[in-house]
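Down below is the structure, laid out as structure tokens.
Residue numbers (this note's numbering): 13 to 252.
What follows is the structure, encoded as structure tokens:
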């Protein structure tokens with residue numbers, strides 16, 4: 013079956029037609045099937061942030077990059093190529109998929125491209141701007157109980173997200189907390205809080221107050237339709 017035909021069927025709900033180029037760059041390191049791939053989407057103005065994410069995660073990443081099919085296309089692709097050459101960790105860990113068309117803001121389609129071509133069993137959809145402060149990936153992989161829950165395919169692990177209350181306090185990632193104790197100190201100083209605290213429906217069901225005290229996994233019991241946490245889950249059988 014021709015690749016273009018297959019992709020057209022897979023992403024038939026997109027505004028289209030779009031040119032999807034899977035694995036425009038393919039990671040030199042083949043992911044372990046039991047690894048956790050971060051899936052994300054990027055536009056041209058966020059290339060440096062993508063490089064930072066790859067550098068800090070140092071695990072499999074599947075990224076969809078949208079480029080407008082106009083006179084600036086070739087220059088953006090060249091900029092991307094230079095970035096790719098400059099960071100050896102991008103070559104080692106990152107699968108990059110190009111989407112070239114004239115349709116802006118097809119965020120769901122772009123996310124699904126990154127998800128569809130992820131090469132491990134488990135994925136985490138993440139906004140590229142987030143900074144990863146802890147090595148949650150290895151903590152999960154090394155925990156037999158948690159991995160068994162993921163294998164069963166009926167569990168999603170919520171990774172709580174935080175943001176500084178004043179933007180200027182969060183400009184230097186080197187000052188970010190790298191452990192829960194340090195994080196709680198900053199929470200108590202009222203400099204950091206749950207992500208999007210002004211819209212509690214988005215992340216409130218995580219129950220941050222409970223998380224601050226927790227030492228074990230706990231279930232989200234107050235789920236609402238607007239809940240949109242960042243989760244790690246099994247790719248197979250999940251909705252698109």
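Glycine is no exception: its CB is placed at the ideal position from the N, C-alpha and C atoms. Remember, predicted model here, so these are calculated numbers, not experimental data.
Rounded to the nearest angstrom, the gap between the Cα atoms of residue 81 and residue 227 is 50 angstroms. A direct Cα-to-Cα measurement between residue 154 and residue 189 gives close to 22 angstroms. For residue 174, the uninterrupted beta strand (DSSP E) segment begins and ends at 174-176. With contacts defined by Cβ atoms closer than 7 angstroms, residue 95 and residue 63 form a contacting pair.
In this structure, DSSP gives residue 184 a state outside helix and strand, which the three-state scheme calls coil. For residue 156, the enclosing alpha helix (DSSP H) has its first and last residue at 156-164.
As for any alpha helix (DSSP H) of minimum length 4 sitting wholly inside the region 42-75, the runs are 59-69, ordered along the chain. Note on geometry: alpha-carbon atoms of residue 47 and residue 83 lie some 39 angstroms from one another. Spanning the alpha carbons of residue 116 and residue 156 requires a straight line of approximately 42 angstroms. Contact annotation, residue 110 with residue 224: C-beta distance approximately 42 angstroms; criterion of less than 8 angstroms not satisfied. Around residue 34, the same chain offers 109 and 129 as residues with beta carbons nearer than 6 angstroms, after the five sequence neighbours per side are excluded. For residue 199, the enclosing alpha helix (DSSP H) has its first and last residue at 192-200. Residue 49 sits close to residue 132, with the two beta carbons spaced by under 7 angstroms. Boundaries of the alpha helix (DSSP H) around residue 86: 85-98. DSSP, read as helix, strand or coil, puts residue 143 in coil. Distance from residue 38 to residue 107 at the Cβ level is roughly 6 angstroms; contact confirmed, criterion being Cβ atoms closer than 8 angstroms. The straight-line gap separating the alpha-carbon atoms of residue 122 and residue 53 is approximately 6 angstroms. Counting C-beta pairs closer than 8 angstroms gives three or more between the region 161-179 and the region 236-245, which meets the contact rule. Taking the C-beta atoms as reference points, residue 77 is found no nearer than 7 angstroms to residue 112. Assignment of beta-bridge partners to residue 109 by DSSP yields 76. Under the three-state reduction of DSSP output, residue 236 falls in the coil class, being neither helix nor strand. In this structure, the beta-carbon distance from residue 176 to residue 204 falls below 7 angstroms.
Per DSSP, the beta-bridge partners of residue 37 are 108.
Here residue 217 is actually not in contact with residue 199; their C-beta atoms are around 18 angstroms apart, not less than 8 angstroms. Burial check for residue 74: the Cβ neighbour count within 10 Å reaches 16 or more, so the residue is buried. The alpha-carbon of residue 186 is positioned some 14 angstroms away from that of residue 67.
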